[in-house]
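To keep things clear, I will list the structure first and then write my remarks on it.
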Amino acid sequence: MPTLHLLGQSHIVPALAGFEASSSYSITFYQYYSQNTNSLSLLCNLKDMGMTTRYKDAIFLFSLFSFLCFHTLFSHAANSITRGKSIRDDDDGDTLVSEGLKFEMGFFGFGNSSSRYVGIWYHNVPSSAYVWVANREKPIKGRGGAITIKNDGNLAVLDAERNEVWSSNVSIPMKDSEAVLHDDGNLVLSNTDTNKDVWQSFEDPTDTYLPGMKVPASAGMRNAPSFRSWKSRTDPSPGNFTMGVVSEESSPQIVVWEREKRRWRSGYWDGRIFTGVSNMTGSYLQGFTLNRDEKGVRYFIYNLLNRNDKVRFQIGWDGYERRFIWNEDKKQWTMTQSEPYNRCELYNFCGNFAVCDLSNSPMCSCMQGFEPMHRDEWNSGNWSRGCKRMTPLKAERVNGSGTEVSVGEDGFLVQRCMKLPDFARLVNVDAVVDNEECEHNCLQNSSCTAYAYTIGIGCMIWYGELIDVQHFENLGNVLNIRLADSDLGDGKKKTKIWIILGVVVGLICLGILVWLVWRYNGKLKVSSASYCNNNKIPVFEPTKSTELSTEISESAELSFEESQLSGAELPLFNFSCIVIATNNFSEENKLGQGGFGPVYKGKLPGGEQIAVKRLSRRSSQGLEEFKNEMMLIAKLQHRNLVRLLGCSIQGEEKLLVYEYLPNKSLDRFLFDPVKQTQLGWTRRFEIIEGIARGLLYLHRDSRLRIIHRDLKASNILLDENMNPKISDFGLARIFGGNQNEANTTRVVGTYGYMSPEYAMEGLFSVKSDVYSFGVLLLEIVSGRRNTSFRHSDDSSLIGYAWHLWSEQRIMELVDPSIRDSTPKSKALRCIHIGMLCVQDSASHRPNMSSVVLMLESEATTLPLPRQPLVTSMRRYDDKEFNAEGLDVSNNLSITMVTGR
Numbered sequence: 087m088p089t090l091h092l093l094g095q096s097h098i099v100p101a102l103a104g105f106e107a108s109s110s111y112s113i114t115f116y117q118y119y120s121q122n123t124n125s126l127s128l129l130c131n132l133k134d135m136g137m138t139t140r141y142k143d144a145i146f147l148f149s150l151f152s153f154l155c156f157h158t159l160f161s162h163a164a165n166s167i168t169r170g171k172s173i174r175d176d177d178d179g180d181t182l183v184s185e186g187l188k189f190e191m192g193f194f195g196f197g198n199s200s201s202r203y204v205g206i207w208y209h210n211v212p213s214s215a216y217v218w219v220a221n222r223e224k225p226i227k228g229r230g231g232a233i234t235i236k237n238d239g240n241l242a243v244l245d246a247e248r249n250e251v252w253s254s255n256v257s258i259p260m261k262d263s264e265a266v267l268h269d270d271g272n273l274v275l276s277n278t279d280t281n282k283d284v285w286q287s288f289e290d291p292t293d294t295y296l297p298g299m300k301v302p303a304s305a306g307m308r309n310a311p312s313f314r315s316w317k318s319r320t321d322p323s324p325g326n327f328t329m330g331v332v333s334e335e336s337s338p339q340i341v342v343w344e345r346e347k348r349r350w351r352s353g354y355w356d357g358r359i360f361t362g363v364s365n366m367t368g369s370y371l372q373g374f375t376l377n378r379d380e381k382g383v384r385y386f387i388y389n390l391l392n393r394n395d396k397v398r399f400q401i402g403w404d405g406y407e408r409r410f411i412w413n414e415d416k417k418q419w420t421m422t423q424s425e426p427y428n429r430c431e432l433y434n435f436c437g438n439f440a441v442c443d444l445s446n447s448p449m450c451s452c453m454q455g456f457e458p459m460h461r462d463e464w465n466s467g468n469w470s471r472g473c474k475r476m477t478p479l480k481a482e483r484v485n486g487s488g489t490e491v492s493v494g495e496d497g498f499l500v501q502r503c504m505k506l507p508d509f510a511r512l513v514n515v516d517a518v519v520d521n522e523e524c525e526h527n528c529l530q531n532s533s534c535t536a537y538a539y540t541i542g543i544g545c546m547i548w549y550g551e552l553i554d555v556q557h558f559e560n561l562g563n564v565l566n567i568r569l570a571d572s573d574l575g576d577g578k579k580k581t582k583i584w585i586i587l588g589v590v591v592g593l594i595c596l597g598i599l600v601w602l603v604w605r606y607n608g609k610l611k612v613s614s615a616s617y618c619n620n621n622k623i624p625v626f627e628p629t630k631s632t633e634l635s636t637e638i639s640e641s642a643e644l645s646f647e648e649s650q651l652s653g654a655e656l657p658l659f660n661f662s663c664i665v666i667a668t669n670n671f672s673e674e675n676k677l678g679q680g681g682f683g684p685v686y687k688g689k690l691p692g693g694e695q696i697a698v699k700r701l702s703r704r705s706s707q708g709l710e711e712f713k714n715e716m717m718l719i720a721k722l723q724h725r726n727l728v729r730l731l732g733c734s735i736q737g738e739e740k741l742l743v744y745e746y747l748p749n750k751s752l753d754r755f756l757f758d759p760v761k762q763t764q765l766g767w768t769r770r771f772e773i774i775e776g777i778a779r780g781l782l783y784l785h786r787d788s789r790l791r792i793i794h795r796d797l798k799a800s801n802i803l804l805d806e807n808m809n810p811k812i813s814d815f816g817l818a819r820i821f822g823g824n825q826n827e828a829n830t831t832r833v834v835g836t837y838g839y840m841s842p843e844y845a846m847e848g849l850f851s852v853k854s855d856v857y858s859f860g861v862l863l864l865e866i867v868s869g870r871r872n873t874s875f876r877h878s879d880d881s882s883l884i885g886y887a888w889h890l891w892s893e894q895r896i897m898e899l900v901d902p903s904i905r906d907s908t909p910k911s912k913a914l915r916c917i918h919i920g921m922l923c924v925q926d927s928a929s930h931r932p933n934m935s936s937v938v939l940m941l942e943s944e945a946t947t948l949p950l951p952r953q954p955l956v957t958s959m960r961r962y963d964d965k966e967f968n969a970e971g972l973d974v975s976n977n978l979s980i981t982m983v984t985g986r
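Under my numbering, the first residue of the sequence shown is numbered 87, with each subsequent residue one higher.
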């Protein structure tokens with residue numbers, strides 16, 4: 087008899103070919119019963135009722151066709167359980183399967199063990215990965231168990247004797263409820279009368295964290311979900327290790343406990359990464375964000391950039407936290423984050439007041455100013471007891487009468503590239519805004535033993551012992567350790583000597599200067615405001631600006647427009663005065679680093695704050711940028727352009743002096759998960775308008791027609807009122823009055839913001855800046871970098887925006903932190919303008935005058951944008967690019983995409 091295969095099962099059906107007419111016969115068809123769908127059994131009896139064989143065969147074939155349709159309709163496994171339905175642990179292997187066929191729920195066991203568990207795992211993944219287990223503490227012995235809804239509405243797991251082994255334990259009675267398995271792996275129990283979720287597996291996790299799961303990270307959270315390891319590879323019962331997020335009085339961090347003892351911690355979250363994990367970078371944890379709900383509770387969530395990826399984080403039975411991603415090609419789980427491989431990762435391995443450093447031998451050493459608690463144990467390799475302070479701090483150095491035994495103020499030892507100690511206390515962010523104030527806050531409290539001022543976190547201070555400190559090779563943060571005056575070493579003594587000598591020399595010079603002023607009183611009339619501090623160093627050099635222009639007039643970028651630049655009256659600052667204003671270019675005054683060189687904060691004698699850009703001696707292109715920017719920006723005056731105050735040249739030292747903008751660059755707010763909430767929709771729109779007006783001035787309204795060529799978020803500075811100012815004109819070019827386009831063999835700029843014709847052919851025009859503006863506009867609206875999509879199906883923000891545009895889901899592009907408060911019409915209009923600006927062809931892009939009009943007038947009709955076929959598909963790194971002297975069109979690969 088032939089075999090009919092139907093949906094994975096084999097049903098034996100008599101062949102029709104051998105049938106003969108007879109007075110009576112019957113065919114009993116296969117009885118089908120599906121418990122998952124509660125379908126009725128199908129019974130087809132054909133009996134001889136005086137009909138001919140032809141009619142009997144027709145009825146049979148009709149019945150067979152009806153059976154196939156019926157089976158196909160109800161054979162798909164359900165994704166929910168309601169009252170009266172259940173999943174049984176029998177030979178049929180009933181399960182729940184999420185609607186999108188992503189996750190599956192049912193009974194499982196291991197090998198020959200009779201223990202049975204209810205769990206959730208990935209559907210159609212050969213290598214089983216159980217992400218949640220219900221009855222991990224009470225396994226069912228043998229088969230016969232069931233998952234069902236009880237009379238009180240709770241979801242329950244029953245054994246073969248109908249005894250309850252697990253329940254959702256919702257205290258509110260429910261008349262009707264439903265348990266649904268969702269595509270993110272979350273099992274949700276809902277009260278169908280009120281349409282409210284009353285319980286979910288994401289709030290009662292086992293050992294696995296899944297994308298979309300919210301983990302509270304606010305201080306004082308008592309009921310925050312934690313993850314408990316399995317007891318062994320094949321025993322889901324609770325093990326010895328627990329993982330969770332703790333906030334306490336500082337920034338959140340992940341901690342792994344072994345019973346009640348800390349075993350490992352990630353270090354503090356700075357808005358991008360966990361600072362205590364040496365192999366993590368900003369892109370490594372791409373997907374994690376720290377958000378705040380409507381009640382003000384902070385929580386971590388991991389969102390997949392590619393919704394088809396299968397990613398999970400697990401605290402293993404051996405106590406190590408791991409990250410897995412499913413490799414569809416190899417059909418296996420790939421471990422992308424492995425367990426700690428060195429002893430320095432173990433919690434406080436070297437003890438208190440000690441530093442663990444793998445590059446040293448031995449790896450444990452006491453901090454400067456500290457000595458081993460027990461010298462013999464320390465020398466034998468037992469470092470667990472740590473170190474103790476050699477000299478008490480000033481507050482402790484008192485005798486019985488209460489007077490100080492020793493003089494000398496406490497100081498701080500600066501240690502770089504450190505994993506910051508545990509149990510930090512976060513100082514009020516509004517009260518402490520920089521490193522100096524953080525240090526002062528620590529000195530005011532006699533119990534403070536260290537402090538650190540970290541970008542993305544703020545001021546942290548430590549009381550008592552410093553616990554779990556590690557030194558990294560290149561990463562980490564700066565830790566300032568409080569020491570007694572005598573323990574700060576020869577460095578401080580030498581500094582004091584130099585300070586004394588400096589004061590003496592300064593007094594001598596001051597005396598000579600006073601004498602000269604008195605001697606030549608009639609000839610020397612200089613305002614005291616023209617000198618730097620008490621050193622009587624003039625702020626400005628007497629050199630005329632025309633002499634300076636002659637000295638630097640060799641710039642190839644500007645030579646063809648030299649006539650337009652003649653007569654630039656740019657003040658020349660005294661180099662020594664700038665050195666004093668920036669505290670000798672100290673690290674504490676450093677604002678940032680660019681391709682040109684570092685930028686420092688300074689303060690002139692009159693109290694005016696400045697930003698000083700210092701040309702790096704190793705920068706070959708920096709000299710051209712210096713000449714370009716100095717000669718160019720002196721001619722430009724607009725409220726949305728940064729103001730150049732002057733420059734300074736002494737030997738190889740070349741400086742540009744700008745107005746200081748306290749809020750620094752736009753990217754510090756826009757791409758920071760914490761600070762981006764300060765940029766509401768109104769503020770973002772004002773920034774977009776300001777940038778557009780600044781570009782319009784450069785392209786049309788200034789005396790010179792300027793192409794910026796490097797417009798990006800980090801080159802937009804914000805003043806005290808958050809008004810945007812375009813900066814960094816080192817790569818800018820000047821056009822003649824009738825010139826529209828130029829070509830260069832020196833392609834410079836930042837990938838992700840460069841227009842296609844410029845990146846591939848070296849052609850640039852005002853439309854090149856329009857393209858960069860369009861990218862920047864989309865970044866401001868979405869709060870995401872253009873290059874943050876390199877590991878997703880949409881290789882750039884432009885591609886992602888077009889993907890949402892084509893599916894009419896464009897509002898999903900708006901930054902989630904402001905989406906609910908954003909006027910939909912204005913957001914859609916801004917995104918529409920951005921899509922017009924980033925079109926592949928320069929001729930299709932609007933000019934900046936049209937962009938400003940479209941932004942300011944909603945009556946203007948906008949054309950439909952064209953699909954950016956090339957730029958949306960290329961993958962770029964967000965880095966500076968310079969291909970001087972190369973035919974760039976032969977060094978860039980182009981992916982052409984054919985539209986469907």
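Yeah, the Cβ is synthetic: ideal placement off N, Cα and C, and Gly gets one too.
Since this is a predicted model, take the numbers as computed values, not measurements.
Residue 382 is classed as exposed because its beta carbon has fewer than 16 other beta carbons within 10 Å across all chains shown. Note on residue 285: 16 or more other CB atoms within 10 angstroms of its CB, so buried under the neighbour-count rule. Going by C-alpha positions, residue 237 is about 59 Å away from residue 441. Straight-line measurement puts the Cα of residue 363 at about 29 Å from the Cα of residue 323. Under the three-state reduction of DSSP, residue 283 is assigned to strand. Going by DSSP, residue 753 is part of no beta strand (DSSP E) but of the alpha helix (DSSP H) stretching over 753-756. Here residue 553 carries a coil assignment [DSSP, helix/strand/coil].
Residue pairing by DSSP places residue 474 opposite 457 in a beta bridge.
Per the C-alpha coordinates, the member of 837, 509, 755 positioned closest to residue 869 is 755. Residue environment analysis places residue 602 among the exposed positions, since fewer than 16 neighbouring C-beta atoms fall within 10 angstroms of its C-beta.
With contacts defined by Cβ atoms closer than 9 Å, residue 228 and residue 356 do not form a contacting pair. Nearest in C-alpha terms to residue 350, of all of 375, 387, 395, 405, is 405. Residue 267 is bridged by DSSP to 273. Pairing residue 271 with residue 184 gives a Cβ-Cβ distance under 9 Å.
Secondary structure note for residue 208: its beta strand (DSSP E) is the uninterrupted segment 201-208. With a 10 Å radius around the Cβ and a threshold of 16 neighbouring Cβ atoms, residue 556 comes out buried.
For a cut-off of 8 Å, the C-beta gap from residue 873 to residue 838 is around 5 Å, short enough to register as a contact. With respect to residue 696, residue 688 sits close: the two C-beta atoms are nearer than 9 Å. The straight-line gap separating the alpha-carbon atoms of residue 946 and residue 887 is approximately 22 Å. Distance from the CA atom of residue 530 to the CA atom of residue 539, rounded to whole angstroms, is 16 Å. Residue 563 holds the alpha-carbon nearest to the alpha-carbon of residue 502 among 563, 817, 444. When Cβ pairs closer than 8 Å are counted between the two stretches, the stretch 790-810 is seen to touch the stretch 751-766, the count reaching three or more.
In the DSSP assignment, residue 330 forms a beta bridge with 341. According to the DSSP assignment, residue 857 belongs to the alpha helix (DSSP H) that extends over 852-868. Classified as buried, residue 569 has 16 or more neighbouring CB atoms from the shown chains inside 10 Å of its CB.
Taking C-beta atoms as the reference points, residue 860 and residue 922 count as a pair closer than 9 Å. Per the coordinates, the alpha-carbon of residue 565 lies some 14 Å from the alpha-carbon of residue 509.
In the structure shown, residue 407 falls within a strand segment according to DSSP collapsed to helix, strand and coil. Using a Cβ distance threshold of 9 Å, residue 699 and residue 742 count as a contacting pair.
Counted as a single uninterrupted DSSP element, the stretch harbouring residue 671 is not any alpha helix (DSSP H), since DSSP gives it neither H nor E.
In this structure, residue 852 sits away from residue 917, with a CB-CB distance that is not shorter than 9 Å. For residue 921, the enclosing alpha helix (DSSP H) stretches over residues 910-923. In this model, residue 341 and residue 893 are separated by some 41 Å (Cα to Cα). With a cutoff of 9 Å on beta-carbon distance, residue 168 and residue 242 are scored as not near each other. Taking 8 Å as the upper bound for CB-CB distance, residue 394 and residue 385 are not in contact here, some 25 Å apart.
Counting every other CB atom within 10 Å of its CB across the protein chains shown gives residue 380 a total below 16, marking it as exposed.
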